[in-house]
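FYI, my numbering numbers position 23 of the sequence shown as 17, with every residue one higher than the one before it. Report on one structure; see the data block that follows.
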Amino acid sequence: MIDPATIDWRMSAALENVPRGDSEIASVTSLAYAVREWLRLDGELQAAALLTPEHPVTIDGEEAVAFAGMAIRALAARLPDHDGEGAVA
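So, in structure tokens, the structure goes:
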């Protein structure tokens, strides 16, 4: 299980493989914003996206250096809302 308190949601993260205009330039922002941006994508784009945080995130004792598909959805389920309470999914 991921403990949301141990995730640094403010660290930089790149959301890749998502078309932006005429190119697929990675969006570099905070981890929280990148996950929220991923939630707004349609299913096909969600499946193609790759989320790479600035630092590894430890999940169930294992360090993950990148997330895709259902792994991003698992992060989204633990994403604190704007007040820092609860989750947004």
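Glycine residues also receive a C-beta, built at the ideal position from the N, C-alpha and C atoms.
Next item on the list: Taking all protein chains shown into account, decide if Val59 is buried (16 or more other Cβ within 10 angstroms of its Cβ) or exposed.
Entry: Its Cβ having fewer than 16 others within 10 Å, Val59 is exposed.
Note to self: By the three-class DSSP mapping on this structure, what secondary structure does Glu48 have?
What the structure shows: coil
Notebook entry, point to check: How many angstroms separate the CA atom of Val12 from the CA atom of Leu25?
Noted result: 16 Å
Notebook entry, point to check: By DSSP, does Ile66 sit in helix, in strand, or in coil?
Noted result: helix
Margin query: Nearest by alpha-carbon distance to Ile53: which of Leu44, Asp36, Arg14 and Ile66 is it?
Written below: Ile66
Notebook entry, point to check: Under 7 Å, do Glu38 and Leu9 count as touching if we go by C-beta distance?
Noted result: no
Check: Is it buried or exposed for Pro50, if we count other Cβ within 10 angstroms and need 16 for buried?
Finding: exposed
Margin query: Just to check my reading of the structure: Leu45 and Ala68 have Cβ atoms closer than 8 Å, yes? What is that Cβ distance to the nearest angstrom?
Written below: About 11 Å separates the two Cβ atoms, so there is no contact after all.
Check: Does DSSP classify Ala14 as helix, strand or coil?
Finding: What sits at residue 14 in the sequence shown is Arg, not Ala. DSSP places Arg14 in strand when its eight states are reduced to three.
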